[in-house]
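Quick note: the sequence shown uses our numbering, first residue 3, plus one each step.
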Amino acid sequence: RGLGDVYKRQPRYIPAYLRLADALARDGKVDEAKGLAQRAVRMEPSYPDSYILLSDMQNDDEAAATLHRGLRATNGHPYLAMRLSWILSTAPSDSIRDGAEAERLARLAMGRLGESAEGLATLAAAFAEQGDFENAIRFARQAISDARQQNNRLLAEEVEKGLSQYIRGCLLYTSDAAD
């Protein structure tokens, strides 16, 4: 109710739209949440969080399109680039995956944000998508090391799962990963 009040008092305040959309999505009201996130994108196209939240509620194909639009509207915002890179590297559908573009976007994001465990893990996935498992393994190991140094056990464990796939010559989240 408090979020709804802010939304009504300040109808152009984008964070209120996004907080309300997030709360609605968590309550299972995804269509209503998507509508608010889409409205936030229309009201302030240069606000990257709107694209991130909207893409979280979409399938990979829709999310990729949303993030592409967001990248154009925000002059290549690095968090959008990183998110899109991950989708282009790991989507189950061959029609969405694009390893070369994923690598370009991951490098763009890391160039602006600096090196991070998340960025290295994303870059590893991009290399794996291109069939370059040697670099995928190298960057995944570096991501694991960085995540451990940051005491981010959850990320380290997730990247370790990816590393085991790369060592087997498999991609993430695709049919060959289940073999």
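Ideal Cβ positions, reconstructed from N, Cα and C, are used throughout, including at glycine.
Rounded straight-line distance, which links the Cα of residue j to that of residue i
i	j	result
Gly113	Gly72	18 Å
Arg148	Trp88	In the sequence as presented, Arg is not what sits at residue 148; that position holds Asp. Each residue's Cα considered, the two are about 18 Å apart.
Phe135	Tyr168	6 Å
Gln80	Arg170	Here residue 80 turns out to be Pro, not Gln, going by the sequence shown. Each residue's alpha carbon lies about 30 Å from the other.
Lys163	Asp33	33 Å
Leu82	Pro50	7 Å
Pro94	Gln60	14 Å
Arg140	His70	28 Å
Ala111	Lys31	32 Å
Ala123	Ala25	29 Å
Identity of the residue in the options nearest residue i by Cα
i	options	result
Ala104	Ala128, Asp33 and Asp96	Ala128
Leu20	Ala158, Ala35, Arg140 and Thr68	Ala35
Leu86	Leu156, Leu107 and Ala75	Leu107
Ala66	Ser95, Thr76, Leu90 and Ala138	Leu90
Ile98	Ala42, Glu131 and Arg74	Glu131
Gly78	Ala102, Glu160 and Ser48	Ser48
Ser57	Ala23, Asp29 and Met45	Ala23
Glu160	Leu110, Ile146 and Glu64	Ile146
Arg74	Val43, Gly133, Asp100 and Arg143	Val43
Leu173	Gly37, Asp100, Ala27 and Ala111	Asp100
Arg143	Asn154, Gln152 and Leu165	Leu165
Ser52	Asp62, Asp63 and Gln40	Gln40
Asp62	Thr124, Thr92, Glu46 and Met84	Thr92
Residue i classed as buried or exposed, judged by whether at least 16 other C-beta atoms fall within 10 angstroms
i	result
Glu117	exposed
Asp96	exposed
Tyr120	The residue you asked about is not Tyr; residue 120 is Glu in the sequence shown. It is buried - the Cβ of Glu120 has at least 16 other Cβ atoms within 10 Å.
Leu156	exposed
Ala27	buried
Ala102	exposed
beta-carbon residue i near the ligand HEM non-hydrogen atom, thresh 7 Å
i	result
Leu156	The model on display carries no ligand, and the ligand HEM is accordingly not part of it.
Could you give the uninterrupted runs of the alpha helix (DSSP H) lying entirely in the segment 89–115, keeping only those of 4 residues or more? Listed in chain order, they are 101–115.
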